[in-house]
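Participant: Start counting the sequence shown at 184; every next residue gets the next number (the working numbering).
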Amino acid sequence: MLLHLRVTVPPDRTDAVREVFARSPGTAHVAVLPGACQHPIGDLVLADVARESADAIVAALRELEVDRDGGISMESVDAAVSRAAEEAEAAAPGDGSDAVVWEQVVRTTAADSTLSISFLAFLTIATMLAAIAIINDSAILTVGAMVLGPEFGPLAALAVAIVHGRRAVGRAAAITLVVGFVVAIALTALAALVGRALDWFGPEALTGDRPQTGFITAPDRWSLVVAVLAGIAGVLSLTSAKSGALVGVFISVTTVPAAGAISLGLALGEPSEIGEAATQLGINLAGILVAALATLLVQKTLWRQVPRSVPNLARVVRGQG
184 MLLHLRVTVP PDRTDAVREV FARSPGTAHV AVLPGACQHP IGDLVLADVA
234 RESADAIVAA LRELEVDRDG GISMESVDAA VSRAAEEAEA AAPGDGSDAV
284 VWEQVVRTTA ADSTLSISFL AFLTIATMLA AIAIINDSAI LTVGAMVLGP
334 EFGPLAALAV AIVHGRRAVG RAAAITLVVG FVVAIALTAL AALVGRALDW
384 FGPEALTGDR PQTGFITAPD RWSLVVAVLA GIAGVLSLTS AKSGALVGVF
434 ISVTTVPAAG AISLGLALGE PSEIGEAATQ LGINLAGILV AALATLLVQK
484 TLWRQVPRSV PNLARVVRGQ G
């Protein structure tokens, strides 16, 4: 599992950067192109590195302040047909599927923390689908609403921001979550008021027997257990770059369905249902966030031990400074 690094290097630090790659296990296909970069001016260094080594290499490059005066970009290598690549992966410490590239995680989640029109649209549509699912007592629509909901992105961003001390990202993620759910619930409640005025449904849609969707307004200890497990799985999927597992996370949590139930409760004047749904929403959000925080802290603690098997990159940096 390789990452391709493209590094724009100020000319006075090219030798130091070359030395960083030379001393790191898990490195292959290193190329140095003097004067290739025009903005900013500098040399271009290309390399394929094993995912296990990438975090330590990026940290060393940042110590050289390459990120400030040049630039570092990373992208996944889908396939590398090369003996050098095979040897690099074998030499790298740890296992590629367990490796965490923290800078990549921080940047990815930071992008998900932004409050955007598309985020509001997806969350609102998902909440409306959840409300329709409750009215029709449809498990299929409930699952569809869960999958469509984009709320895990800002939740993960908030957890990453807390662990890594990125206050601006954490603040943006919290605002995105709060504003997103408020807008989605308000718009869904307005739509529900229209449906009630047209006599499409009444209070019985929420208070009647709902064998398929009754769990949404019946929070219990299992709500917390599922939220915690989903939070752990979500973070592992994010940090290991296995995004396929996120679908299971979306289907497991009852955040969007609870928001849909709150909207219906507001439109139909059912305060007890609003309270139950709000409790369900709070349990799920808190459970996911706490589990995500704990998982990130454990990963950070464990992975901190792995770079010790990498030749002392800090010494390289100091020697070139």
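For each residue, glycine too, the CB sits at the ideal point set by N, CA and C. Predicted, not measured: the structure shown is a model, and the values here were computed from it.
Leaving aside the five residues before and after Val366 along the sequence, list all residues of the same chain whose C-beta is less than 6 Å from its C-beta, in chain order.
Facilitator: Mapped onto the sequence shown, residue 366 falls at position 183. For Val366, where only same-chain residues beyond five positions count, the Cβ hits under 6 Å are Leu303.
Participant: Pick out whichever of Asp195, Val343, Ala274, Gly363 has its Cα sitting closest to the Cα of Thr310.
Facilitator: On the sequence shown, position 127 is the one that residue 310 refers to. Per the Cα distances, Gly363.
Participant: Which residues in the same chain have their Cβ closer than 8 Å to the Cβ of Ala274, if we skip the five residues on either side of it in sequence?
Facilitator: Within the sequence shown, the letter at position 91 stands for residue 274. Cβ within range, chain order: Pro208, Gly209, Ala233.
Participant: What do you get for Gly225, buried or exposed, if any count of 16 or more other CB atoms within 10 angstroms of its CB means buried?
Facilitator: Taking the first residue of the sequence shown as position 1, residue 225 is located at position 42. Buried is the call here.
Participant: Which term fits Arg350, buried or exposed, when burial requires 16 or more other beta carbons within 10 angstroms of its beta carbon?
Facilitator: As a working note, residue 350 is residue 167 in the sequence shown. Flag for Arg350 reads exposed.
Participant: Could you check what DSSP says for Ser259 in three-state terms: helix, strand or coil?
Facilitator: Within the sequence shown, residue 259 is the residue found at index 76, counting from 1. Residue state, collapsed to three classes: strand.
Participant: Can you name, in chain order, every residue of its own chain whose Cβ lies under 8 Å from the Cβ of Pro223, other than the five neighbours on each side?
Facilitator: Position 40 of the sequence shown, counting from 1, holds the residue named residue 223. If we look at Pro223 and ignore the five residues flanking it on each side, its Cβ neighbours are Thr191, Pro193, Asp252, Gly253, Gly254.
Participant: Measure the beta-carbon distance from Val200 to Leu229 and round it to whole angstroms, keeping in mind my assumption that it falls under 8 Å.
Facilitator: Start at 1 with the first residue of the sequence shown, and residue 200 comes out as number 17. Start at 1 with the first residue of the sequence shown, and residue 229 comes out as number 46. That belief does not hold up - the Cβ atoms of Val200 and Leu229 are roughly 11 Å apart, past 8 Å.
Participant: Using beta-carbon positions only, say whether Gln463 and Pro394 come within less than 8 Å of one another.
Facilitator: Taking the sequence shown and counting its residues from 1, one reaches residue 463 at position 280. Taking the sequence shown and counting its residues from 1, one reaches residue 394 at position 211. Contact flag unset, no.
Participant: Decide if Ile300 is buried, meaning its Cβ has at least 16 other Cβ atoms within 10 Å, or exposed.
Facilitator: Stepping through the sequence shown from its first residue, residue 300 is reached at position 117. Under this definition Ile300 is an exposed residue.
Participant: Tell me which same chain residues have a C-beta within less than 6 Å of the C-beta of Thr297, skipping the five on either side of it?
Facilitator: Here the question's residue 297 lines up with position 114 in the sequence shown. Closer than 6 Å at the Cβ level, and outside the excluded window around Thr297, lies no residue.
Participant: Taking the alpha helix (DSSP H) that Ile445 falls in, what are its first and last residues?
Facilitator: Along the sequence shown, one-based indexing puts residue 445 at 262. Counting along the chain, the alpha helix (DSSP H) containing Ile445 begins and ends at 438-451.
Participant: Looking at C-beta atoms only, is the number of pairs between the region 475-483 and the region 449-465 that lie closer than 8 Å three or more?
Facilitator: Result no; under three Cβ-Cβ pairs closer than 8 Å.
Participant: Pick out the complete alpha helix (DSSP H) segments inside the region 188-217, 4 residues or longer, and give them in chain order.
Facilitator: For the region 188-217, whole alpha helix (DSSP H) runs of length 4 or above, ordered along the chain, are 197-206.
Participant: Considering only residues of the same chain and omitting the five flanking positions on each side of Leu216, which have a CB-CB separation below 6 Å?
Facilitator: Taking the first residue of the sequence shown as position 1, residue 216 is located at position 33. Here the set comprises Leu227.
Participant: Taking C-alpha atoms, which residue in Asp231, Arg189, Ser265, Glu235 lies nearest to Ala219?
Facilitator: Position 36 of the sequence shown, counted from the first residue, corresponds to residue 219. With distances taken between Cα atoms, Ala219 lies closest to Arg189.
Participant: So, with DSSP's three-state summary, where would you put Gly458?
Facilitator: The sequence position of residue 458 within the sequence shown is 275, counting from 1. Three-state result, Gly458: helix.
Participant: Per DSSP, what kind of secondary structure is Gly348 in: helix, strand or coil?
Facilitator: In the sequence shown, residue 348 corresponds to position 165, counting from 1. Looking at Gly348 - three-state DSSP - the assignment turns out to be coil, as it is neither helix nor strand.
Participant: Give every residue of the same chain whose Cβ lies closer than 6 Å to the Cβ of His187, excluding the five residues on either side of it in the sequence, and list them in chain order.
Facilitator: Along the sequence shown, read from residue 1 onward, the residue named residue 187 stands at position 4. Cβ within range, chain order: Asp231, Glu258, Val260.
Participant: Report the start-end ranges of each alpha helix (DSSP H) in the region 346-410 that is 4 residues or longer and not cut off at the edges.
Facilitator: For the region 346-410, whole alpha helix (DSSP H) runs of length 4 or above, ordered along the chain, are 350-380, 387-390.
Participant: Residues in its own chain within less than 7 Å of Ala442 by CB, not counting five upstream and five downstream?
Facilitator: Indexing the sequence shown from 1 puts residue 442 at position 259. Only Thr310, Ala313, Phe364, Ala367, Ile368, Leu464 meet the Cβ criterion.
Participant: Quick check on DSSP: helix, strand or coil for Ala313?
Facilitator: Stepping through the sequence shown from its first residue, residue 313 is reached at position 130. Three-state DSSP puts Ala313 in a helix.
Participant: Taking Ile358 as the reference, which of Thr484, Val203, Pro337 has the closest Cα?
Facilitator: Within the sequence shown, residue 358 is the residue found at index 175, counting from 1. Residue Pro337 is the option with its Cα nearest to Ile358.
Participant: Which term fits Gly504, buried or exposed, when burial requires 16 or more other beta carbons within 10 angstroms of its beta carbon?
Facilitator: Along the sequence shown, read from residue 1 onward, the residue named residue 504 stands at position 321. Annotation note: pLDDT 49 at Gly504 (below 50); position unreliable, no value reported.
Participant: What first and last residue would you give for the beta strand (DSSP E) that runs through Leu247?
Facilitator: The residue you call residue 247 lines up with position 64 of the sequence shown. Per DSSP, Leu247 belongs to no beta strand (DSSP E) and is neither H nor E.
Participant: Note down the Cα distance separating Val289 from Leu331, rounded to an integer number of angstroms.
Facilitator: Locating residue 289 in the sequence shown gives position 106, counting from the first residue. Locating residue 331 in the sequence shown gives position 148, counting from the first residue. Near 23 Å, if we compare the C-alpha coordinates of Leu331 and Val289.
Participant: How many angstroms separate the CA atom of Leu244 from the CA atom of Ala205?
Facilitator: Position 61 of the sequence shown, counting from 1, holds the residue named residue 244. Position 22 of the sequence shown, counting from 1, holds the residue named residue 205. When rounded, the distance between both Cα atoms is 13 Å.
Participant: Ala233 lies in the beta strand (DSSP E); which residues open and close that run?
Facilitator: Counting from 1 along the sequence shown, the entry for residue 233 is found at position 50. Residues 224-233.
Participant: Rounding to the nearest angstrom, what Cα-Cα distance links Ala293 and Glu286 in this structure?
Facilitator: Within the sequence shown, residue 293 is the residue found at index 110, counting from 1. Within the sequence shown, residue 286 is the residue found at index 103, counting from 1. Looking at the two C-alpha atoms, the distance is approximately 10 Å.
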